[in-house]
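Numbering (full-length UniProt numbering), first residue to last: 1 to 363.
Input: a single structure, listed below in structure tokens.
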């Protein structure tokens, strides 16, 4: 191959769409010129490296209201814009991870007869995968069982690609609170989670009295930090690029249950308390969380059931000290750790690089 071919990556919105696409891009950039298609006023500009030639379109998420028709007209117009981009950049292959940027990209690609691959990271496929997957050359699956929800699609189980930091051991960042107490990582995904943030703040005094060390990732969408009394055992951040190191070295993660988070927990073999986002499409976050809850590696608490009392009681139960042969240990937490170690069968295979580069040979 005398020159690189051109790969368009269409991924936008949340970290759940962007991070897997970033992982794939980094893996294949040695053989492809990467071009990135995103949406204005989302996380894209902050996360996508300049070398990936980011182009953004104005596409609003369709909502169930009187303007629905006009929003779909906007998506249709975006399709024509994408056709021009595909021609201009001489794109040979399109890779997308779902979300509303994906629908017009898939249609534009098929119109120009450009091969397109979509990756579905959730157990329950999203709307774009469900309704446009049949137009794609391949649908790559994060979970094997997703295949049962799709019809007329060429599916391949690859797992969900993770940021490269998750595939190596990382030291705990220096800024993390020091001490002997258990370390909790509390996060709500790339955009934050109001319910998780609020329940943590309500329980913070209780947790600090119990000597927990806490790293609280409040999310980019929270314009103002949550005010709390100064404590050496609590630190608050909007976002961090060191999430792999935090998850690998903590005792417990408290989080939403997006597909990316589930796969990160599986790779790091880390116990968790999962609070699914209740308004996720097809309730996919709860279905994702059940994968770990059914293996007893995670405690699933629905948002409508959580309260300060439930949250604190759950943590007390997980971190209840038992004595065995004269040594103290956390019986429930240790059991959850062992159960997470047994989840090897559903670990990401990280095979998308091999698949995309194989696909390149087809041209």
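Idealized CB from N, CA, C, for every residue including glycine.
This one's a predicted model, so the numbers in the text were calculated from it and none came from an experiment.
- In its chain, beyond the 5 residues on either side, 255 have a beta carbon closer than 6 Å to the beta carbon of residue 261.
- Closest option to residue 122, judged by alpha-carbon separation, among 51, 291 and 29: 291.
- If only uninterrupted beta strand (DSSP E) runs of at least 3 residues are considered, those enclosed by the segment 93 to 144 are 93 to 96, 116 to 120 and 138 to 141.
- Of all C-beta pairs linking the segment 12 to 31 to the segment 161 to 169, three or more are shorter than 8 Å, placing the two stretches in contact.
- Assignment of residue 297 by DSSP, reduced to helix, strand and coil, places it in the coil class.
- In terms of Cβ geometry, residue 244 and residue 166 form a close pair [threshold 7 Å].
- Restricting attention to 267, 239, 235 and 336, the CA atom closest to the CA of residue 273 is found in 336.
- With 16 or more other CB atoms across the displayed protein chains lying within 10 angstroms of its CB, residue 213 is buried.
- In summary, residue 288 is buried, with 16 or more beta-carbon neighbours lying within 10 Å of its beta-carbon over all protein chains present.
- For the pair of segments examined, the segment 147 to 155 was found not to touch the segment 201 to 220: the number of CB pairs separated by less than 8 Å stays below three.
- The segment 300 to 319 and the segment 275 to 287 touch, with three or more beta-carbon pairs separated by less than 8 Å.
- Within the segment 211 to 296, the beta strand (DSSP E) runs of at least 3 residues that lie entirely inside it are, in chain order, 213 to 217, 234 to 237, 252 to 255 and 272 to 274.
- For residue 10, there is no enclosing alpha helix (DSSP H); the residue is part of the beta strand (DSSP E) that begins and ends at 5 to 10.
- Looking at the DSSP output, residue 36 shares a beta bridge with 9 and 54.
- Residue 174 counts as exposed, since fewer than 16 other beta carbons sit within 10 angstroms of its beta carbon.
- In its chain, beyond the 5 residues on either side, 199, 202 and 203 have a beta carbon closer than 7 Å to the beta carbon of residue 308.
- If the five residues before and after residue 83 are omitted, its C-beta is found closer than 8 Å to the C-beta atoms of 108, 111 and 112, all from its own chain and listed in chain order.
- The C-beta separation of residue 132 from residue 103 comes to about 6 Å, placing the pair in contact by the 8 Å criterion.
- With respect to the 7 Å criterion, residue 29 and residue 158 are not classified as neighbours on the basis of their beta carbons.
- CA-to-CA, the gap between residue 186 and residue 253 works out to about 6 Å.
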